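Student:
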Amino acid sequence: MTGRDLRLAVVCSSNQNRSMEAHQVLNKKGFNVRSFGSGNCVKLPGPSFDKPNIYDFNTTYDQMYTDLINKDKTLYTQNGILHMLDRNRRIKQKPERFHDCFDKFDVIFTCEERVYDQVIEELAARIPTDNSKVHVINIDIQDNHEEATIGAFLILELAQLLSQSDDLDNDIDELLQDFEAKSERSLLHSIAFQ
Amino acid sequence: MVDTLTEQTIDRVVELLNDAILASTDKDKVNNLRQVQELVIHNDLVDNFLDEILGFQNDALVEVRKFVVNFIEAACSKDAEFFPKLIVNLHFALNDSSPHVVKKGIHVSTLLYPKFLKWASKVKVDEILESTHEVWCNIKRYIFNLLDSSENDGVRTQCIKFMEMIVICQTKRDQWSNTDDFSLDSMENCKLVNLEQLEEEANYVFEQLLIFHGTPHISSLNLMATMQSLVILARQRSDRYLSKVIQALESLHANLPPTLAKSQVTSVRKQLKVQLTLLLKHPAAATNIQFQTQIIQLLNDLGAGQSEVYKCLQEVRKRGLKVEQANIEPKPKKIKLEPDAESSTREKLEPVLPLPSPKVTRNDANTAIDITSEDLISCLNNIANVCDLVLVSLLSLPDSMPAHFLATYTPVAAAGTPSQIKHLARLLSTQFTTTGIGKGVEEMVERAAISAKAKKSQNSEQQYQKIATLVSRGIAQEAKKQEQAQLNNQNKVKLMPTGKTLSGSVKVKQLNFEELTTELSDDMKVRMIADSVSRIIQAEERKLITCPSQLESRNKVLTHLSTEFHDHSFNVATLVRGYAFEDIRNRADLLFNLVYNEYAVAKKNGNDMSHYDNCLSFIFKELIERVDVRDRDHFLPRFFYEVPLLTPEVISQLEGMITRETSYSGITLGFSILQTLIEKKIKLRPQLLSVMLNLSILMDKPEVRAQAIKVIKYLHEIYGADVKGPIERFSLEKLQRLLDPCPIPEEPETQWTEDVIKIFLLPYLCLLPNNHKLIHDLALVYVSTIPDIKRVILRVLDVPVKGMGMDSPELLLLVETCPKGAETLVTRIIHVLTDKQPPSADLVSRVRDLYHKRVPDVRFLIPVLNGLSKREVIAALPKLIKLNQLVVKEVFNRLLGTQVESGQNYQSPLTAADLLVALHNIDPSKCDMKTVMKAISLCFAEKHIYTDEVLAIVMQLLMEQSPLPTLLMRTVIQSLSLHPRLLGFVMNILQRLILKQVWNQKKVWEGFIKCCQRTKPQSFQVLLQLPAPQLRTVFRNSPDFKPALQEHVSSFTDTQRSHLPQSILDAIFSDDGDVKEEIPQLENNEPECDGQSNSPSSSVLSQPALIPPVSIINTNVNIATVTTTNGASAMET
């Protein structure tokens, strides 16, 4: 299970911006990657801060796209939401909720501490089937387009580091600490069994 | 049809296998092999190709070897019958050089073991199954060992998971367990294995996990993995493990591994929080208030808000209702389970398991934490303690808040509530226990020691029982059995790893120690011992030892070693002692340990104190001679006071130190030690006391003697008969020595010098103020000793007698019963007593009695003069003034009170004037005039007492007497010469003397003339008042008066002259021939004066004086000489 065979997952809260950005980048670099949201529903910015657009995880990106175009095309073009949804629908059909996915991964990246909490909580609550390990790593990324881009590259860099390791389980502690020092970001890391 | 299909498949498989062998990349190989696996397993062809496939286990490529492990899993899962065939290969995989294969191997083992158990519980037990089980046992053991021995994080993580599985599989379910998992419940009718044995193994494995969880240098990944496993176990087997797991998590929270990086700490805390939340939601925790509060407290500490906790609790409550009823029954089971498990273990499984080591386990540590925290709760309830803690910790507070603290800090919820205090106590206690201090640790260590002992005895007992049963079975049966066993061994299937080219497994050769080793030579042994000890000693320098408990145990080791090798090598003890003395300040404890251990050993060896004595002597020798003075001053007393037993050798060392020591402080130290020892060590008191006493008469060491005397005096004052007795006996004995002809009986030529005498006297004298009775012994000795010693005794009596005081009944008794020959002594004593204060009535009466009844020596009276009545004093005066001039002076001092310090209320029986008057009135028959004159002049010497006023009074008093005292005029002249101011008063006196017909008393008359001579010209007026005959006598005695008086009268006016009677004028202006007429008059008076001077009859006056002028001149000269000798200055005015 060395190198490019790593099964990666990127999780943010709505599986729209940060996780999808990373999903795209990793995908391009040939990683086996999937992306998820950890929230109960998918939230997109609305006309004002307190009026977000809320969808459930069954709504496809395409549906959201058309919905928003109908609502306020200029607004959602301007704030880049439409562009983002457009990108997303090219990657996959619809957002996925982490809690509904029982596939196995080797490394799960989370984009926010809250998401990390939700993920490890979920994983801890599951009953493991074959006790295969998964590393859960959190990199804090603010939920905006620019940060998402930067964050995606950080995740890529980290994924490359991890994939180059011959014995990930043994090296990961050190890799992460080096990465923390280099990127001047603090990471969270845990292990879970699935 | 089927056959052809199978054949096709077989062909395909063969082809694939060949491809796989030829393939160069791991991907291709694995791809081919995967296809083979698919085909083989789906078509039940495993048996056909088993060897071929397993042959790949020796492939150079890791992925291929991993595949083989996967294949084993697939095959065994498909059909458990493959276990016997594949199990050895699985075991083999665990020994692989690549960690990936090992991990896979463990992973597969984790998956297969439950399957194996399931299978094993169903099939018939035969040899093959047993052998398979045996290999499983080896695998288990191997993996358990890996947890500690592997360097690879991932491998360890897999081990943890494996162990978790073992615990789940080998324990019974409880009511909350997941029923899907395999568990011991499904093995009820298994013949292969002993269920209790398995359960015990599970407990052991759980313990191991707990221990691993608490390892201080665990990596964050392992830690989180273990944490999760423990929580899974706690949830699945809550009855057994929940409480222990909560404890473990709690102690983890209090003691996060120090090696974790900052972000790792955050991760671990998060994980901890998640796991605790899971536990909180577990019904077993929900139904136990204690667990619940414990968990909630921890969660609060980890930053979980009230709402979060509340949410959890809500969730639990929703499920809770149905849960609670089910809960009631199985509860007592939990209590029963543990002892059961424990007791069953030891009996039934000897070989299978590595027995838990007897050292303190995690479990014990938890108990220790419990005990310590109980202990701490009470401490924390004391406000003062809490304040102290806060104040102390303020000192180590950093200036600014560290970032990670800020990040993780949550305000303490419910501070000060009992539950919070309890929690805090637990946190503290966890830390205490980790450092190895606290009540709990002590108790557990004790318990561990006891249980280790018990276990030992138990084991031997079991063995004994076993032997007994064996014997009872009968020999025949036994023989038969043995035969069978032999057969069994021969027939026993030896499972071999499947596969073609297996490298032989390493055979373990049984070690036979006796064969392998030869005994070391004694030299070698000694050297090795010495080397090891010095290595232990050096451990401190190398900073290997950090925590106090380690240091303590090291000291213990050193101590025991040093007593262990007495008979073999002296190096050890000397080494250790030498080491301790290098830095005695920090290593004094080690020395104490040594001493105590030696003592214990000596006690054990039937009170053979020689080693103890040696050790102690060495230590004291070092302390006294080598150690720096300051350290010596500190440690020497400590050692003396605290060692278990002081041997005579050591006491003599102390004595030697005092004797040899030259510095004052050293001597003082020695004495303070000796004194304290006398006071504290009751048993040794006689020896110690005699040392002290001997020091008090040590020749050539005045300083030592002085200190010894001081201490002896103190001891004598404070303590009872057991101390007083020997001291008194000793000092009396020394006192008696004064009766010997020489101070040292062995050397007859030595002399009693003053110093020697004092040395023998001092111990005795210092006791006198405390025990007055002793004084009588002194008197006895005094009487019979030589004069030299007497003198010394008299001289040294001062202080002790003053210390006794004059009210001492014993002293009074001595005065009363003064032995013959001791009068000087008694006098001296009385003197000393009254030296600075007036004598008491008691004393006075005793002395008076003595004086009157037994020893009429007036000197007795001197000290008590002031206590006598005026009459008595005056009566004694003649005798007194006859004494030595100095004594007389002393007497006067006493009478006049000059020696008494001012401020004391002092009443002399005689006033100064009284004294002088009394002196004048002394009967000449009792005392000659010369002595009286000396005495009087002594009075005049006291100018500050005999002022002009006093003298005037004296003269007045004397003059009023009749007859006039002989020495009156002498005193008048002397007074006048001392105080010229008295001139007028003297003139007055002279005139009044004329009225008293002074010429009737010859001496006085002579004095009168002399006085007139001295006081001319003022005396002319007086002379003129004399009757003419007397005037003529004056002229005759001192002819120079006549011309002077003629001149004086010539200067008178006529009127003045007319007042003079003619006879006077005639006398003045007459011829010198008149003088001769008067001579016989004077001659006549002389004898009367000698016979009864105090009562000259008036008839004498008319008788002609017959004394020749020469004698008069003689007397005059006499007076003059006396006065000049007494006070030249006084006469010159």
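Residue numbers (the UniProt record's numbering), protein chains in the order written: chain A, 1 to 194; chain B, 1 to 1133.
Even for Gly, the Cβ is constructed at its ideal location relative to N, Cα and C.
What you are looking at is a predicted structure, and each value in this text was computed from that prediction instead of being measured.
May I have the straight-line CA-CA distance separating residue 196 of chain A from residue 111 of chain A, to the nearest angstrom?
Tutor: As shown, chain A starts at 1 and ends at 194. That puts residue 196 of chain A outside it, with no answer to give.
Student: Leaving aside the five residues before and after residue 1009 of chain B along the sequence, list all residues of the same chain whose C-beta is less than 7 Å from its C-beta, in chain order.
Tutor: 1034, 1037 and 1038, listed in sequence order.
Student: Are the C-beta atoms of residue 193 of chain A and some chain B residue less than 9 Å apart?
Tutor: So, interface residue.
Student: Quick one: grab the DSSP three-state call for residue 1052 of chain B.
Tutor: Here residue 1052 of chain B sits in coil by DSSP.
Student: Pop quiz: residue 36 of chain B and residue 20 of chain B are said to be a contact at Cβ under 8 Å. What is the actual Cβ separation, rounded to whole angstroms?
Tutor: Contact flag correct, Cβ pair sits at about 7 Å.
Student: Quick one: what does DSSP say residue 37 of chain A is sitting in, helix, strand or coil?
Tutor: Three-state result, residue 37 of chain A: strand.
Student: For a cutoff of 9 Å on Cβ pairs, would you count residue 323 of chain B as touching chain A?
Tutor: Any reading at residue 323 of chain B needs caution, since the residue's pLDDT is 47, under 50, leaving its predicted position unreliable; the model's value is listed next. It does not; no Cβ of chain A falls within 9 Å.
Student: Quick check on the DSSP output: the alpha helix (DSSP H) that includes residue 737 of chain B runs from which residue to which?
Tutor: Run containing residue 737 of chain B: 721–737, per the alpha helix (DSSP H) assignment.
Student: Which runs of the beta strand (DSSP E) at least 3 residues long sit entirely within the stretch 145–193 of chain A? Give them in chain order.
Tutor: Segments of the beta strand (DSSP E) lying fully in the stretch 145–193 of chain A: 188–193.
Student: Helix, strand or coil: which one does DSSP assign to residue 126 of chain A?
Tutor: Coil at residue 126 of chain A, not helix or strand.
Student: Measure the CB-CB distance between residue 73 of chain B and residue 108 of chain B and report whether it falls below 9 Å.
Tutor: Taking 9 Å as the Cβ cut-off, residue 73 of chain B and residue 108 of chain B qualify as a contacting pair.
Student: Give the C-beta separation of residue 616 of chain B and residue 595 of chain B to the nearest angstrom, bearing in mind that I take them to be a contact with Cβ-Cβ under 8 Å.
Tutor: Right, the Cβ-Cβ distance comes to about 6 Å (below 8 Å), so this counts as a contact.
Student: Could you tell me if residue 471 of chain B is buried or exposed, where buried requires 16 or more neighbouring beta carbons within 10 angstroms of its beta carbon?
Tutor: Because the pLDDT of residue 471 of chain B is 46, which lies under 50, any placement of that residue in the model is unreliable, and the question is left without a value.
Student: Just verifying my parser: in three-state terms, what is the DSSP assignment at residue 109 of chain A?
Tutor: Residue 109 of chain A falls in the strand class under three-state DSSP.
Student: Over the uninterrupted beta strand (DSSP E) stretch that includes residue 133 of chain A, give me the two end residues.
Tutor: First-last of the beta strand (DSSP E) with residue 133 of chain A: 133–138.
Student: When the cut-off is 9 Å and only beta carbons count, does residue 538 of chain B lie next to chain A?
Tutor: No, residue 538 of chain B lies away from the interface with chain A (no Cβ there is under 9 Å from its Cβ).
Student: Can you pull the DSSP bridge partners for residue 54 of chain A?
Tutor: A:43, per the DSSP bridge assignment.
Student: Taking only beta carbons into account, state which residues of the stretch 121–149 of chain A come closer than 7 Å to chain B, listed in chain order.
Tutor: Per Cβ criterion, the list reads 121, 124, 125, 127, 130, 131 and 133.
Student: Mapping the DSSP letters down to three states, classify residue 17 of chain A as helix, strand or coil.
Tutor: If DSSP states are grouped into helix, strand and coil, residue 17 of chain A belongs with coil.
Student: Do residue 118 of chain B and residue 80 of chain B have their C-beta atoms closer together than 9 Å?
Tutor: Yes, the pair counts as a contact, with Cβ atoms nearer than the cut-off.
Student: Flag this pair as touching only if the stretch 307–315 of chain B and the stretch 258–269 of chain B have three or more C-beta atom pairs under 8 Å; answer yes or no.
Tutor: Because the criterion of three Cβ pairs below 8 Å is not met, the stretch 307–315 of chain B and the stretch 258–269 of chain B do not touch.
Student: Looking at the strands, I want to know which residues DSSP matches up with residue 9 of chain A.
Tutor: Its beta-bridge partners are A:34 and A:108.
Student: At which residues does the alpha helix (DSSP H) containing residue 393 of chain B begin and terminate?
Tutor: Residue 393 of chain B -> alpha helix (DSSP H) spans 383–395.
Student: What does the alpha-carbon distance come out to for the pair residue 225 of chain B and residue 248 of chain B?
Tutor: The straight-line gap from Cα to Cα measures roughly 14 Å.
Student: So, for residue 965 of chain B: in the same chain, excluding its five sequence neighbours on each side, which residues have a beta-carbon less than 7 Å away from its beta-carbon?
Tutor: The residues are 920, 921 and 958.
Student: So, does the CB of residue 177 of chain A fall closer than 9 Å to a CB anywhere in chain B?
Tutor: Chain B contact via Cβ: present.
Student: For a contact defined as C-beta to C-beta under 8 Å, what are the partners of residue 309 of chain B on chain A?
Tutor: Neighbours of residue 309 of chain B on chain A: none; closest Cβ ~14 Å, over 8 Å.
Student: DSSP three-state call for residue 173 of chain B: helix, strand or coil?
Tutor: Correct three-state label for residue 173 of chain B: coil.
Student: How many angstroms separate the CA atom of residue 792 of chain B from the CA atom of residue 752 of chain B?
Tutor: C-alpha separation (whole angstroms): 10 Å.
Student: What does the Cβ neighbour count give for residue 387 of chain B, buried or exposed, with the cut at 16 atoms within 10 Å?
Tutor: Classification for residue 387 of chain B: exposed.
Student: Return the chain-ordered list of same chain residues with a C-beta closer than 8 Å to the C-beta of residue 82 of chain A, the five sequence neighbours on each side being excluded.
Tutor: Excluding residues within five positions, the ones whose Cβ falls inside 8 Å are 65, 68, 69, 73 and 76.
Student: Report yes or no: is there a C-beta of chain A within less than 9 Å of the C-beta of residue 219 of chain B?
Tutor: Answer yes: the Cβ-Cβ gap between residue 219 of chain B and chain A drops below 9 Å somewhere.
Student: Compare the C-beta of residue 108 of chain A against all C-beta atoms of chain B and say whether one is closer than 9 Å.
Tutor: No, because no Cβ of chain B sits closer than 9 Å to the Cβ of residue 108 of chain A.
Student: Give a yes or no on contact between the stretch 976–986 of chain B and the stretch 994–1008 of chain B, applying the rule of three or more CB pairs nearer than 8 Å.
Tutor: The stretch 976–986 of chain B is not in contact with the stretch 994–1008 of chain B.
Student: Spell out whether any CB of chain A is found under 9 Å from the CB atom of residue 284 of chain B.
Tutor: Chain A contact via Cβ: absent.
Student: Between which residues of its own chain and residue 951 of chain B is the CB-CB distance below 6 Å, once the five residues before and five after are set aside?
Tutor: These residues qualify, in order along the chain: 975.
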